[in-house]
Amino acid sequence: MAVVTSNEYSEMLNRAKAGGFAYPALNVSSSQTLNAALAGLQEAGSDGILQVSTGGADYWSGSTIKHRVSGALAFAAFAKEVAKNYDIKVALHTDHCSEDQLDGFVRPLLELSAEQVRSGGESIFNSHMWDGSAIALDKNLVIAKELLAKTHNVGAVLEIEVGAVGGEEDGVEGAIDEHLYTTVEDGIKTIEALGMGRKGRYLSALTFGNVHGVYKPGNVHLRPELLEEIQREVGAKYGQENPFDLVFHGGSGSTDKEISDAVSFGVIKMNIDTDTQYAFTRPVVNHMLKNYDGVLRIDGEVGNKKLYDPRNWGAAAEAGMASRVIQAATQLGSAGKSAW
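Residue numbers (numbering that gives the first Met the number 0): 0 to 339.
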């Protein structure tokens, strides 16, 4: 198959919302992690979303270069080529981008997409995230309104964050406090500023105790029922059932029930990064510890080329991550639902 078009991405989102399931949104920072994500989605029979953060895009461009626009373009080009070899389809998304990073990431990518669309092509990315969680909601929504017009102009979708996610991701750190919980009033402000689709489609990460990274039980208190309350009360005010297309951020380590509850309340996209990072790295550790005398040249020996060949331990890493992707698709209900 291939990377979806703008219309196909809209169909994907509609199908998830109508069918009561969500797509795994997988952060990838290399060709290996991207291939692992595709392999897992293929095995699960699930469509999905491949996404790159600012730090991930820096890494795609080369760890000594760190040119995130080039890295994002390289990610998109690679994904569009290799995705042709799979039976499922994927969307491409840029993840968390704070205010001070917009001019060096999302805005230039949108300008490049606008050039392609004017020439009769498709947007480079299917969606972009604006992360205004670190600033006041009113200012967050002013910037969101500007970006929504630009994403709508190229046929892409905007993702916003209303509330704050705790923990740290790509150098952006959120406190674990009352701001982790979006309110009904926040939801109403969002609808008033961005509308309900006519100005462009957007996904909303309404926070309900979400924290980036993995924390021991008891350190994080998720309240997915808050999503139901916001959907119900805001929907009643504007006469539309489940008015928000919801995103689950900071979901690593969540229980099956927390995930299924969030999906039942309108989550159609769940970000997965920390868990897949560990799933990718763990088999490498296992390989190196078990084969230390083959991967190292000890006491003047030559080691074992077959064991230190990156394709050997790299394949194990990809398989480990692919297994975690299958688990995610199963938890989110997208497994077996690729409709292409």
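The beta carbon of each residue, even a glycine, is placed where N, CA and C say it ideally should be.
DSSP state of residue i mapped onto helix, strand, coil
i: Tyr8; result: helix
i: Trp129; result: strand
i: Gln239; result: coil
i: Leu225; result: helix
i: Phe279; result: helix
i: Thr93; result: strand
i: Ile123; result: coil
i: Asn285; result: helix
i: Lys336; result: coil
i: Ala15; result: helix
i: Ala21; result: coil
i: Leu295; result: coil
i: Val210; result: strand
i: Ser62; result: coil
For residue j and residue i, the rounded distance between their alpha carbons
i: Met269; j: Ser263; result: 13 Å
i: Gly186; j: Val233; result: 7 Å
i: Val51; j: Phe74; result: 8 Å
i: Gly166; j: Gly208; result: Per-residue confidence for Gly166 stands at a pLDDT of 46, beneath the threshold of 50, marking its modelled position as unreliable; the derived number appears in the next sentence. Approximately 11 Å, taken between the alpha carbons.
i: Met11; j: Val301; result: 52 Å
i: Gly131; j: Arg67; result: 19 Å
i: Met195; j: Pro242; result: 7 Å
i: Gln230; j: Glu191; result: 15 Å
i: Asn13; j: Asp57; result: 32 Å
i: Val266; j: Glu184; result: 19 Å
i: Val81; j: Lys236; result: 45 Å
i: Gly341; j: Thr53; result: The structure shown does not extend to residue 341, since the chain is modelled only from 0 through 339, so no value can be given for it.
i: Phe77; j: Gly238; result: 43 Å
i: Ser60; j: Ser69; result: 6 Å
i: Ser112; j: Val283; result: 37 Å
i: Glu160; j: Ala204; result: 5 Å
i: Glu240; j: Thr32; result: 37 Å
i: Arg296; j: Lys305; result: 13 Å
i: Thr344; j: Ser122; result: Because residue 344 is not part of the residues shown, which for the chain are 0 to 339, the question remains open.
i: Lys65; j: Glu228; result: 42 Å
i: Ser340; j: Lys88; result: Given a span of 0 to 339 for the chain in the structure shown, any question on residue 340 remains unanswerable.
i: Val27; j: Gly313; result: 15 Å
i: Ala71; j: Tyr291; result: 35 Å
i: Gly119; j: Gly55; result: 29 Å
i: Asp260; j: His248; result: 14 Å
i: Tyr277; j: Leu37; result: 17 Å
i: Arg197; j: Leu288; result: 56 Å
Terminal residues of the alpha helix (DSSP H) in which residue i lies
i: Ser259; result: 255 to 263
i: Ile142; result: 136 to 152
i: Gln330; result: 309 to 331
i: Gln41; result: 30 to 43
Host beta strand (DSSP E) of residue i (start-end)
i: Lys268; result: 266 to 271
i: Ala82; result: Segment: none, Ala82 is in no beta strand (DSSP E) and carries neither H nor E.
i: Ala113; result: Taken as a continuous stretch (DSSP letters only), Ala113 belongs to no beta strand (DSSP E), being part of the alpha helix (DSSP H) at 105 to 117.
i: Tyr180; result: Segment: none, Tyr180 is in no beta strand (DSSP E) and carries neither H nor E.
i: Glu160; result: 156 to 161
i: Ala1; result: Run containing Ala1: none; DSSP gives neither H nor E here.
i: Val246; result: 245 to 247
i: Thr51; result: The sequence given here has Val at residue 51, not Thr. Val51 -> beta strand (DSSP E) spans 47 to 51.
i: Ser203; result: 201 to 205
Whether residue i touches residue j by CB criterion (9 Å)
i: Asn6; j: Gly154; result: yes
i: Phe279; j: Ala328; result: no
i: Ser333; j: Tyr8; result: no
i: Gly293; j: Asn303; result: yes
i: Asn125; j: Val3; result: yes
i: Ile337; j: Asp94; result: Strictly speaking, residue 337 in this sequence is Ser, with Ile absent from that position. Not in contact: Ser337 and Asp94 (Cβ atoms no closer than 9 Å).
i: Asp255; j: Gln330; result: yes
i: Thr181; j: Leu146; result: no
i: Ser253; j: Leu221; result: yes
i: Ile134; j: Glu98; result: yes
i: Ala340; j: Thr189; result: Outside the shown range of the chain (0 to 339) lies residue 340, about which nothing can therefore be said.
i: Leu140; j: Leu193; result: yes
i: Met382; j: Lys79; result: Here the chain comprises residues numbered 0 to 339, so residue 382 is not present and cannot be evaluated.
i: Ala24; j: Ile48; result: yes
i: Leu109; j: Lys144; result: no
i: Thr206; j: Gly250; result: no
i: Leu91; j: Ile142; result: no
i: Trp339; j: Asp86; result: yes
i: Glu257; j: Pro223; result: yes
Check: residue i C-beta below 8 Å from any heavy atom of the ligand COA
i: Leu202; result: Only the bare structure without any ligand can be found here, which leaves the ligand COA out of the picture.
Legend entry - contact_flag[the stretch 127 to 144, the stretch 105 to 118] where n(CB pairs < 8 Å) is 3 or more: With the cut-off at 8 Å, the stretch 127 to 144 and the stretch 105 to 118 touch.
Legend entry - Contact the stretch 308 to 325 vs the stretch 41 to 58: 3+ CB pairs below 8 Å: Short answer: they touch.
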